[in-house]
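Heads up: the structure comes next, in structure tokens.
Numbering (our numbering), first residue to last: 464 to 664.
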């Protein structure tokens with residue numbers, strides 16, 4: 464159930480809207496699933512519908528939070544195919560003076576990645592599904608890959624690349640990431656990025 468459905472179901476004769484003293488603009492935004500109520504508004508809803516019954520309030524709180532979490536999932540999708548071999552981010556190396564630096568091969572990969580990513584900026588939280596495709600040797604079967612490249616290092620290089628070109632504001636906004644490796648017929652990275660913010664192309 465979405466937040467909007469929960470609110471409509473409990474707003475017979477506008478009693479809920481009046482009871483929590485909500486502005487028309489905010490209420491309409493809640494009903495369109497555009498805005499999520501603050502914790503204060505949520506507690507006002509719970510108390511109003513619970514009528515002082517603690518057990519009932521706990522049940523309503525659980526239902527309301529579930530609806531909010533379901534409603535807040537990003538609903539816009541960006542799909543990209545990048546024709547570049549996935550690269551696992553290496554550990555940084557250090558100069559003799561202790562300054563960290565990235566190996567030249569990784570720097571070169573980052574430059575090639577950046578040249579493929581002139582796509583604007585996504586603002587706000589994002590969810591990423593990514594497929595890493597590796598050109599399979601002639602004796603290897605197509606399918607899931609168990610090559611000696613850790614998936615977390617592949618994810619790191621991808622997120623660093625997306626952030627460095629400004630496609631995402633910061634990799635801290637990635638709240639969920641699903642990754643998979645394949646032996647395939649070509650090297651490429653397939654991305655599905657869900658977001659609920661603004662895509663400034």
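Even for Gly, the Cβ is constructed at its ideal location relative to N, Cα and C.
Mapping the DSSP letters down to three states, classify residue i as helix, strand or coil.
| i | result |
| --- | --- |
| residue 639 | strand |
| residue 494 | helix |
| residue 513 | helix |
| residue 611 | coil |
| residue 633 | coil |
| residue 487 | helix |
| residue 646 | strand |
| residue 591 | strand |
Kindly indicate the opening and closing residues of the beta strand (DSSP E) around residue i.
| i | result |
| --- | --- |
| residue 569 | First-last for residue 569: 567 to 578, but that is the alpha helix (DSSP H), not the beta strand (DSSP E). |
| residue 655 | 651 to 658 |
| residue 581 | Unbroken run through residue 581: none, as it is neither H nor E. |
| residue 605 | No beta strand (DSSP E) contains residue 605, which DSSP labels as neither H nor E. |
Terminal residues of the continuous alpha helix (DSSP H) containing residue i?
| i | result |
| --- | --- |
| residue 623 | 614 to 627 |
| residue 465 | Counting along the chain, residue 465 falls outside any alpha helix (DSSP H), and DSSP gives it neither H nor E. |
Take the Cβ of residue i as the centre, count every other Cβ of all protein chains shown within 10 Å, and call the residue buried at 16 or more, exposed below.
| i | result |
| --- | --- |
| residue 607 | exposed |
| residue 514 | exposed |
| residue 621 | buried |
| residue 615 | exposed |
Report the CB separation of residue i from residue j in whole angstroms; it is logged as a contact under 8 Å.
| i | j | result |
| --- | --- | --- |
| residue 652 | residue 532 | Residue 652 to residue 532, Cβ: 29 Å. No contact. |
| residue 595 | residue 642 | 7 Å |
| residue 499 | residue 527 | Not confirmed; about 11 Å, so no contact. |
| residue 444 | residue 579 | Lying outside 464 to 664, the shown extent of the chain, residue 444 is not represented and no answer is given. |
| residue 659 | residue 583 | In fact, because the Cβ distance is near 16 Å, the residues do not count as touching under 8 Å. |
Which residue spans inside the segment 523 to 562 form an unbroken beta strand (DSSP E) run of at least 3?
For the segment 523 to 562, whole beta strand (DSSP E) runs of length 3 or above, ordered along the chain, are 539 to 545.
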